[in-house]
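Taken in order, the sequence shown gives residues 134 to 736; the numbers are from the working numbering. C-beta atoms are modelled at their ideal positions from N, C-alpha and C, and glycine is treated no differently. Beneath this line is the structure, given in structure tokens, with notes to follow.
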Amino acid sequence: MSTDTVKKDILRGGQFLVKETNCEDVFTLEDLNEEQRMMRESTKEFVDRELWAHWERFENKDYAFTEETMRKAGELGLLSVAVPESYGGMGMGFVSTMLVCDYISGATGSFSTAFGAHTGIGTMPITLYGSEEQKQKYVPRLASGEWFGAYCLTEPGAGSDANSGKTKAVLSADGKSYSITGQKMWISNAGFCNMFIVFARIEDDKNITGFIVENDPSNGITLGDEEKKLGIHSSSTRQVFFNETKVSTENMLSTRGNGFKIAMNALNVGRIKLAAACLDAQRRVIGEATKYANERIQFKTPIMNFGAIKSKIAEMATSVYVDESASYRAAKNIEDRIAMREAEGNTHQEAELKGVEEYAIECSILKVAVSEDCQKTTDEGIQIFGGMGFSADTPMESAWRDSRIARIYEGTNEINRMLAVGMLVKKAMKGHVDLLGPATAVGEELMGIPSFDVPDFSELFAEEKDILKRLKKVFLMVAGSAVQKYGAELENHQQLMLAASDILIEVYMAESALLRTEKNAKRFGEEAQATQIAMSRLYLFSATETIINKGKEAIVSFAEGDEQRMMLMGLKRFTKYTNYPNVVALRTQIADKVAADNGYTFD
Numbered sequence: 134m135s136t137d138t139v140k141k142d143i144l145r146g147g148q149f150l151v152k153e154t155n156c157e158d159v160f161t162l163e164d165l166n167e168e169q170r171m172m173r174e175s176t177k178e179f180v181d182r183e184l185w186a187h188w189e190r191f192e193n194k195d196y197a198f199t200e201e202t203m204r205k206a207g208e209l210g211l212l213s214v215a216v217p218e219s220y221g222g223m224g225m226g227f228v229s230t231m232l233v234c235d236y237i238s239g240a241t242g243s244f245s246t247a248f249g250a251h252t253g254i255g256t257m258p259i260t261l262y263g264s265e266e267q268k269q270k271y272v273p274r275l276a277s278g279e280w281f282g283a284y285c286l287t288e289p290g291a292g293s294d295a296n297s298g299k300t301k302a303v304l305s306a307d308g309k310s311y312s313i314t315g316q317k318m319w320i321s322n323a324g325f326c327n328m329f330i331v332f333a334r335i336e337d338d339k340n341i342t343g344f345i346v347e348n349d350p351s352n353g354i355t356l357g358d359e360e361k362k363l364g365i366h367s368s369s370t371r372q373v374f375f376n377e378t379k380v381s382t383e384n385m386l387s388t389r390g391n392g393f394k395i396a397m398n399a400l401n402v403g404r405i406k407l408a409a410a411c412l413d414a415q416r417r418v419i420g421e422a423t424k425y426a427n428e429r430i431q432f433k434t435p436i437m438n439f440g441a442i443k444s445k446i447a448e449m450a451t452s453v454y455v456d457e458s459a460s461y462r463a464a465k466n467i468e469d470r471i472a473m474r475e476a477e478g479n480t481h482q483e484a485e486l487k488g489v490e491e492y493a494i495e496c497s498i499l500k501v502a503v504s505e506d507c508q509k510t511t512d513e514g515i516q517i518f519g520g521m522g523f524s525a526d527t528p529m530e531s532a533w534r535d536s537r538i539a540r541i542y543e544g545t546n547e548i549n550r551m552l553a554v555g556m557l558v559k560k561a562m563k564g565h566v567d568l569l570g571p572a573t574a575v576g577e578e579l580m581g582i583p584s585f586d587v588p589d590f591s592e593l594f595a596e597e598k599d600i601l602k603r604l605k606k607v608f609l610m611v612a613g614s615a616v617q618k619y620g621a622e623l624e625n626h627q628q629l630m631l632a633a634s635d636i637l638i639e640v641y642m643a644e645s646a647l648l649r650t651e652k653n654a655k656r657f658g659e660e661a662q663a664t665q666i667a668m669s670r671l672y673l674f675s676a677t678e679t680i681i682n683k684g685k686e687a688i689v690s691f692a693e694g695d696e697q698r699m700m701l702m703g704l705k706r707f708t709k710y711t712n713y714p715n716v717v718a719l720r721t722q723i724a725d726k727v728a729a730d731n732g733y734t735f736d
């Protein structure tokens, strides 16, 4: 990591809303170094050979095959990318860990879930919170695939309210061990794991505590049957019952009562990794749908020639392009923040924890946006295949089912929408993000006379960047007025928070695509980026329409009279195009390129 990277003024989490980002300062997939490109290719080779070629086995609930392929991934080092070298890992940076998570997850949700549960929430809590003895004992085994991990947080009565779990941990009379009793559910990898991260409450503590528990059936651990699920059929998902399971006090993870913090920070990493895990799934669906549309003849012509199909392919390609742009932008922000903290003297543990926590807002944004795009893409994939898409004989049907879980785990999308806005407001109150100043300026602008001058939009994205600045004002207007009106009670007005969150999400995603394309147009030329320019413009148009809708919904729901009229006029002013894009022409341009390449080729 260069000194310049460490010392540069990295935007803090949430500051994208109030500070301008130069395109040169964002990381894109086109910026991958040689080592990362080689890692991507080796991961894709593994997936094509071991997973994609056998996707039907994953649909037939072949749990043993999932375990077998996980072991093969371990032998290739793919389970150890994020693990420090001192514990048997590759010790690669955050972008590289995202890259592997991205490209290893596209063939089947069953393997993707097993991989994520093991490398993320199964291993990471020990590497980030474990004592040196715990890390030396467990992490090398987990990194190599000799052992597999699982994460026991959710209970029948504790889902989104994770800190309300009833599982108890009782200290023994001699003070040397705890006895854990309770029930956990939806535990990924439960059927073949060697170790659990278990969260339990000691006495009447306010917060839960984490423990490392080895999977020993003779120690009061029993498993429920494999759950019958809509998708991810070969992901082992079972209930785990603990009946006075003895755990040494040495296996307490971190300190007493710190479990809730461990769980929340693990989820922050899990959210951005889940976004990555939804990327290659979209690319593969687009590839299969494009091939089918190019080959399927109806009315004496390939169905790809029909405008209705072109519209779908264009929107699908645009979604994953935007999702890539935002995911890798945030990943590099996290990597740079980690490097900066390490340069300041923080340990790797401290640096990574704080680095990811800094961008918790972006992690929630990405989790929501990319999981929902993945669902839409798989749905359209089925539609392009028509009746064949509904058949279990093609991978479209399983892709659609597998994608559905992504909107639920790592915190439901509703929870993450409210978290994104809630965390931003808290950051503003702590002075980490100046929302008050810009929000006040927007309020003053609404009271003033608007300028009728037409700016010079001759440069690439000049108008789009002007619109983006104004879309940020919509969020500041809506959220600022809502905070002013409701204060700390805002969290009780969930529908308003959901509307504000959708505005925030669209701003971040649209800006990320524009910045990626602008950066690449400057270095590769506008002609070489013609399709990417079209995708960026198409997405911004759609984002603006969403913001108009959500902004109006919020304004008419909490403002009245003159205030409402003024804000609605502001909404109209802030979302106005001088030159509307030709949406049909953009979609056609994008679809024609994807059709010519017989798939998605922008990564």
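Q: Within the same chain, show all residues whose beta-carbon is closer than 7 Å to that of residue 528, passing over the 5 residues directly before and after it, in chain order.
A: 188, 421
Q.
Here's a check: name, in chain order, each residue in its chain whose Cβ is nearer than 7 Å to the Cβ of residue 413, leaving out the five neighbours to either side.
A. 235, 236, 238, 239
Q. With burial defined as no fewer than 16 other Cβ atoms inside 10 Å of the residue's Cβ, what is the status of residue 468: buried or exposed?
A. buried
Q: Using the Cα positions of residue 271 and residue 288, report the straight-line distance between them to the nearest angstrom.
A: If I take the Cα positions, the gap works out to 25 Å.
Q.
So within the segment 398 to 449, which uninterrupted alpha helix (DSSP H) runs reach at least 4 residues, ignoring any that extend past its ends?
A. 412 to 428
Q.
Only counting the same chain, and skipping five residues up and downstream in sequence, which positions put a Cβ closer than 7 Å to that of residue 232?
A. 169, 172, 173
Q: Find out if the Cβ-Cβ distance for the pair residue 674, residue 636 is shorter than 8 Å.
A: The criterion of a C-beta distance shorter than 8 Å is not satisfied by residue 674 and residue 636.
(Q) Would residue 336 and residue 196 qualify as a contact pair, given that the criterion is a beta-carbon distance under 8 Å? (A) no
Q.
Here's the rule I'm using: 16 or more other beta-carbon atoms within 10 Å means buried, otherwise exposed. How should residue 596 be labelled?
A. buried
Q | Local Cβ density within 10 Å of residue 305, reported as buried at 16 or more and exposed below that | A | exposed
**Q.** Backbone secondary structure at residue 710 - three-state DSSP
**A.** coil
**Q.** Rounded Cβ spacing between residue 648 and residue 613 (contact assumed at less than 8 Å)
**A.** Wrong, their Cβ atoms sit about 25 Å apart, outside the cutoff.
Q) Would the beta-carbon of residue 230 fall within 8 Å of that of residue 215? A) yes
Q | residue 332 - DSSP class collapsed to helix/strand/coil | A | Here residue 332 carries a strand assignment [DSSP, helix/strand/coil].
**Q.** Cα-Cα separation, residue 722 to residue 667
**A.** 7 Å
Q) Under 8 Å, do residue 719 and residue 670 count as touching if we go by C-beta distance? A) yes
(Q) If I measure Cβ to Cβ from residue 355 and keep anything under 6 Å in the same chain, skipping five residues before and after, which residues do I get? (A) 374
Q: Measure how close the beta-carbons of residue 380 and residue 257 come, nearest whole angstrom, since I'm counting them as under 8 Å.
A: Not really, about 20 Å apart at Cβ, beyond 8 Å.
Q | Beta-bridge partners of residue 285, as assigned by DSSP | A | Residue pairing for residue 285: DSSP places it in a beta bridge opposite 331.
Q.
Counting beta carbon pairs with one atom in the segment 496 to 515 and one in the segment 543 to 551, are three or more of them shorter than 8 Å?
A. The segment 543 to 551, when compared against the segment 496 to 515, does touch it at the 8 Å Cβ threshold.
Q | Coil, strand or helix - residue 585 by DSSP | A | coil
Q | Three-pair Cβ contact test at 8 Å for the segment 381 to 393 versus the segment 337 to 354 | A | yes
Q: Output yes or no for whether 8 Å exceeds the beta carbon distance between residue 683 and residue 632.
A: Yes, the Cβ-Cβ distance between residue 683 and residue 632 is below 8 Å.
Q: Decide if the segment 315 to 335 is in contact with the segment 277 to 287; the criterion is three or more beta carbon pairs, one per stretch, under 8 Å apart.
A: yes
Q: Using the Cα positions of residue 388 and residue 224, report the straight-line distance between them to the nearest angstrom.
A: 26 Å
Q. Count the other CB atoms within 10 Å of the CB of residue 245; is the residue buried (16 or more) or exposed (fewer)?
A. buried
Q. Is DSSP giving residue 389 helix, strand or coil here?
A. coil
Q. If you check the beta carbons only, do residue 496 and residue 404 fall under 8 Å apart?
A. yes
Q: Answer yes or no: do residue 460 and residue 409 have a C-beta to C-beta separation smaller than 8 Å?
A: yes
Q: Alpha carbon to alpha carbon, how far is residue 155 from residue 267? Give it in angstroms, no decimals.
A: 43 Å
**Q.** Boundaries (first-last residue) of the beta strand (DSSP E) holding residue 302
**A.** 301 to 304
Q. Around the Cβ of residue 733, are there at least 16 other Cβ atoms within 10 angstroms (buried) or fewer (exposed)?
A. buried
Q: Drop a sphere of 10 angstroms on the beta-carbon of residue 582, count the other beta-carbons inside from all chains shown, and report buried for 16 or more, exposed for fewer.
A: Under this definition residue 582 is an exposed residue.
(Q) Taking 7 Å as the limit between beta carbons, can you name the residues of its chain near residue 348, skipping five residues before and five after? (A) 326, 327, 328, 329, 354
Q.
Suppose only complete runs of 3+ residues qualify. What are the beta strand (DSSP E) ranges in the segment 464 to 493, listed by chain order?
A. none
**Q.** 7 Å CB neighbourhood of residue 87 in its chain, flanking five on each side removed
**A.** Nothing about residue 87 can be read from this structure; the chain reaches only from 134 to 736.
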